[in-house]
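Participant:
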């Protein structure tokens, strides 16, 4: 195995094959390269591929790892290795032995919507008003309990045990019973039931211990308690465990990830080999310096320092806007300027702390004619027409799935109304059978018309169930869509929405075709499992022709030429909920670190002095994270348009207890200036501002303007770009009148068309 292409630390990681190994891989340090070479080197040293288990957090990461390993060895050399996500691996284990837990192998995996439907059904049975206890809260409590490996009773004992939590406990208990009756698992159950299977059935556990002698875990800092216990169980005998991660990128504590898993690895394995990957292959030294300085303010971390040979690069660009519209306009304008210098739209990403910040950003990009895509919007598999198809497929695969059956029993409309469904449900409950079975054993109370409608539907579903085992997957799904009338209902409608739905169905068939082509076993059950385990991160497009808008959490694992982080203000980022909790505040700082290290060449940080968010105005000081970036890394030479013309941003306060944070390598009194690409000149009568007598804060006094109104009207021409002290950058559209009566109309990116008296308008001309 040729390892000459690896740096010293990567090579050490690839060559350390036995015992516990902790690879601390900083952002952009080539961890995937080190991991893949390590697996390939194991196989090259005679370790059978079937003895290797590699666990990731996304299907995309698993596929990339498998493809890279195959590229280093013979194409089929890695086929027998298990390389997949935690959840897909657990589903694979459960498909083999879940009968031991009282389920059947045809179990379905419920997504968020299905889970919500079950919770609502349970709450209705328990006569609990969802206005008093929201389903969202119940779902969060259930997930939190499962991530901590607590059953409903254990969870209840650790809470306040008041009337409200008692009701939630009752819902949780009934929810678990209902899921089992439906032969269904939620996402968290994939881990929980696998642990239950392995811990409760020693022969099963031993068979996997014997098989997987080498276990590798990617993104170890993101593991929760259930994942930690699963890894511990599987590697207790071999102790050949290699984990790769970066504690500085642990940003999912809110969903159960436990940073202590990586911080305490050496306590769990005192003989562990620790290897640090600190050379970064992504970002400039300026960007890395900023990231290092910010994250150094965290106390709960492993010591490491990113470095690079790429070069210093541009300094960091910081902008202080008057409000959120001004901020978004500056971002749009800067992206437009980058495009003018040859950058593609896909080279830029705008990151924000909360989804609510995206609305104004979208509006400004749209107004500027810049193509963009919001990452984390409605997912393809959550669209109604797609969920309808999947619900049909689920019922075919698992007739006990009442939730899916209730969704499609009257889609398309077949005169099976709510009252009919309720009669069937009552009958099913009284007889102790699934809803599907009740359709073949109809209650006597059902009238002749609904009886016929239900019987026709049941006959169709029975036929489709029979066809499932006689037709290839792709052909069967197409047959189902046609027979059920799912496509026909939209083809009769000529609206754009209906057309979009049929196009989505075509896209769905394309996904079926792709799965059938790539899968070794393209069965209906395996496809449904694949769909259930798809994550939003798996669908990030590599060939981006648009600006990407996403939350900072969603950006982890990605990189862009130019990164904009908006809303860098106290109470926004860091979030107001973290300010009184040191652990949460450190996670917010790790989130800032993640955001900074997404940038390859340019980093832009922006804030607003005033921000309207959640329908409320707020006046937030600069984020402490800004003060933690040394002044030497900020572009102060090319002061930005607004700051150069109208004054600088007030200095950020400092101090551990204040919002400024501790200064990291720079002046604690440093002002945070605004800057931009290109450093345009602000001119009047062909002179720069500092050459014009009487210019104060970048604009002429009223008297001077009145005396020179003719000259001013000649200075500004339609189509030229100007800067207004309040409204930011804009384009001159029209000048009317003469002398002191001259008026100027300007179209601003942020505020639309405005008109001013030319003699007193606080504007300056921009020359790119």
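In our numbering, the protein residues as written are 64 to 831. Every residue, glycine too, gets a C-beta built ideally from N, C-alpha and C. Treat the numbers as computed from the prediction; the structure is a model and nothing was measured.
By DSSP, does residue 228 sit in helix, in strand, or in coil?
Facilitator: Numbered from its first residue, the chain shown carries residue 228 at position 165. Helix.
Participant: Enumerated in chain order, which unbroken segments of the beta strand (DSSP E) with a length of 3 residues or greater are wholly contained in the stretch 247-335?
Facilitator: Complete beta strand (DSSP E) runs here, min 3: 247-249, 277-280 and 304-308.
Participant: Please report the straight-line C-alpha distance between residue 81 and residue 269, rounded to a whole angstrom.
Facilitator: Indexing the chain shown from 1 puts residue 81 at position 18. Indexing the chain shown from 1 puts residue 269 at position 206. Going from the Cα of residue 81 to the Cα of residue 269 covers about 20 Å.
Participant: Between which residues of its own chain and residue 70 is the CB-CB distance below 7 Å, once the five residues before and five after are set aside?
Facilitator: As a position in the chain shown, residue 70 is number 7, starting the count at 1. Closer than 7 Å at Cβ, skipping near neighbours: 342.
Participant: Less than 7 Å between the C-beta atoms of residue 354 and residue 146, yes or no?
Facilitator: Position 291 of the chain shown, counting from 1, holds the residue named residue 354. Position 83 of the chain shown, counting from 1, holds the residue named residue 146. It is not a contact, given that the beta carbons lie outside the stated cut-off.
Participant: I'd like the span of the alpha helix (DSSP H) that includes residue 424, first residue to last.
Facilitator: Position 361 of the chain shown, counted from the start, is the residue given in the question as residue 424. Note, residue 424: alpha helix (DSSP H), 421-430.
Participant: Near residue 67, what residues of its chain come up, given a Cβ to Cβ distance below 7 Å and the 5 sequence neighbours on each side ignored?
Facilitator: Here the question's residue 67 lines up with position 4 in the chain shown. Once the five neighbours on either side are set aside, residue 67 has no close Cβ partner at all.
Participant: Considering only the beta carbon of each residue, do residue 461 and residue 634 sit closer than 7 Å?
Facilitator: Indexing the chain shown from 1 puts residue 461 at position 398. Indexing the chain shown from 1 puts residue 634 at position 571. Cβ atoms of residue 461 and residue 634: not closer than 7 Å.
Participant: Any contact of the stretch 219-239 with the stretch 260-277, i.e. 3+ C-beta pairs under 8 Å?
Facilitator: The stretch 219-239, when compared against the stretch 260-277, does not touch it at the 8 Å Cβ threshold.
Participant: Can you tell me where the beta strand (DSSP E) with residue 436 in it begins and where it stops?
Facilitator: Sequence index remark: in the chain shown, residue 436 carries index 373 (1-based). 435-437 is the span of the beta strand (DSSP E), which, as asked, contains residue 436.
Participant: List the endpoints of the continuous beta strand (DSSP E) containing residue 663.
Facilitator: On the chain shown, residue 663 is found 600 positions in, with the first residue counted as 1. Run containing residue 663: 662-671, per the beta strand (DSSP E) assignment.
Participant: State buried or exposed for residue 793, treating a residue as buried only when at least 16 other CB atoms are found within 10 Å of its CB.
Facilitator: Along the chain shown, one-based indexing puts residue 793 at 730. Residue 793 should be labelled buried.
Participant: Which residues does DSSP list as the beta-bridge partners of residue 411?
Facilitator: What you label residue 411 is simply residue 348 of the chain shown in a count that begins at 1. Paired residues: 625.
Participant: State the DSSP-derived secondary structure class of residue 675, mapped to helix, strand or coil.
Facilitator: Against the chain shown, residue 675 aligns to sequence position 612. Three-state result, residue 675: strand.
Participant: For residue 685, name the three-state secondary structure that DSSP assigns.
Facilitator: On the chain shown, position 622 is the one that residue 685 refers to. Correct three-state label for residue 685: strand.
Participant: In chain order, which continuous runs of the beta strand (DSSP E) of length 3 or greater are located wholly inside the stretch 164-238?
Facilitator: The stretch 164-238 contains these whole beta strand (DSSP E) runs: 171-173.
Participant: In angstroms with no decimal places, state the Cα-to-Cα distance between residue 325 and residue 280.
Facilitator: Indexing the chain shown from 1 puts residue 325 at position 262. Indexing the chain shown from 1 puts residue 280 at position 217. Rounded to the nearest angstrom, the two C-alpha atoms are 11 Å apart.
Participant: Checking the sheet assignment: what are the DSSP bridge partners for residue 810?
Facilitator: Along the chain shown, one-based indexing puts residue 810 at 747. In DSSP, residue 810 forms a bridge with 794 and 816.
Participant: Drop a sphere of 10 angstroms on the beta-carbon of residue 573, count the other beta-carbons inside from all chains shown, and report buried for 16 or more, exposed for fewer.
Facilitator: The count along the chain shown starts at 1 and reaches residue 573 at position 510. It counts as exposed.
Participant: Give the straight-line distance between the Cα atoms of residue 202 and residue 251, rounded to the nearest whole angstrom.
Facilitator: Start at 1 with the first residue of the chain shown, and residue 202 comes out as number 139. Start at 1 with the first residue of the chain shown, and residue 251 comes out as number 188. If I take the Cα positions, the gap works out to 11 Å.
Participant: Mind checking which residues open and close the beta strand (DSSP E) that includes residue 849?
Facilitator: Residue coverage of the chain in this structure runs from 64 to 831, which leaves residue 849 outside it and unanswerable.
Participant: Using 8 Å as the cut-off, can you tell me whether the stretch 99-114 makes contact with the stretch 135-149, which would need three or more C-beta pairs spanning the two stretches below that distance?
Facilitator: Counting Cβ pairs under 8 Å, three or more are found: they touch.
Participant: Quick check: what's the CA-CA separation for residue 303 versus residue 367?
Facilitator: For the purposes of this step, residue 303 is taken as the residue at position 240 of the chain shown. For the purposes of this step, residue 367 is taken as the residue at position 304 of the chain shown. Rounded to the nearest angstrom, the two C-alpha atoms are 25 Å apart.
Participant: DSSP state of residue 485, grouped into three classes?
Facilitator: Start at 1 with the first residue of the chain shown, and residue 485 comes out as number 422. It is helical.
Participant: Are the CB atoms of residue 76 and residue 97 within a distance shorter than 7 Å?
Facilitator: Within the chain shown, residue 97 is the residue found at index 34, counting from 1. Within the chain shown, residue 76 is the residue found at index 13, counting from 1. Yes, these two residues count as a Cβ contact at 7 Å.
Participant: Taking the alpha carbon of residue 810 as the reference point, which residue from 526, 322 and 785 has its own alpha carbon closest?
Facilitator: Position 747 of the chain shown, counting from 1, holds the residue named residue 810. Of 526, 322 and 785, the residue nearest in Cα terms is 785.
Participant: Identify the continuous beta strand (DSSP E) that holds residue 117 and give its terminal residues.
Facilitator: Position 54 of the chain shown, counting from 1, holds the residue named residue 117. Residues 115-119.
Participant: State the DSSP-derived secondary structure class of residue 596, mapped to helix, strand or coil.
Facilitator: Mapped onto the chain shown, residue 596 falls at position 533. Correct three-state label for residue 596: coil.
Participant: Quick check on the DSSP output: the alpha helix (DSSP H) that includes residue 615 runs from which residue to which?
Facilitator: Taking the first residue of the chain shown as position 1, residue 615 is located at position 552. From DSSP, the alpha helix (DSSP H) with residue 615 extends over 615-618.
Participant: I need the DSSP call for residue 494, collapsed to helix, strand or coil.
Facilitator: Within the chain shown, the letter at position 431 stands for residue 494. Here residue 494 sits in helix by DSSP.
Participant: For residue 640, which residues of its own chain have a beta-carbon under 8 Å away from its beta-carbon, when the five flanking residues on both sides are left out?
Facilitator: Position 577 of the chain shown, counted from the first residue, corresponds to residue 640. The residues are 647.
Participant: Under the three-state reduction of DSSP, which class applies to residue 546: helix, strand or coil?
Facilitator: Start at 1 with the first residue of the chain shown, and residue 546 comes out as number 483. Helix at residue 546.
Participant: Is it right to say residue 526 is buried, meaning 16 or more other beta carbons lie within 10 angstroms of its own, or is it exposed?
Facilitator: The count along the chain shown starts at 1 and reaches residue 526 at position 463. Burial call: exposed.
Participant: Would DSSP call residue 342 helix, strand or coil?
Facilitator: Here residue 342 corresponds to residue number 279 of the chain shown, with the count starting at 1. In this structure, residue 342 counts as strand in the three-state DSSP scheme.
Participant: Considering Cα atoms alone, identify which of 74, 90 and 637 is closest to residue 661.
Facilitator: In the chain shown, counting from the first residue as 1, residue 661 sits at position 598. Closest by alpha carbon: 90.
Participant: Residue 412 to residue 608, Cα distance in whole Å?
Facilitator: Residue 412 sits at position 349 when you count from the first residue of the chain shown. Residue 608 sits at position 545 when you count from the first residue of the chain shown. Between residue 412 and residue 608, the C-alpha separation is close to 11 Å.
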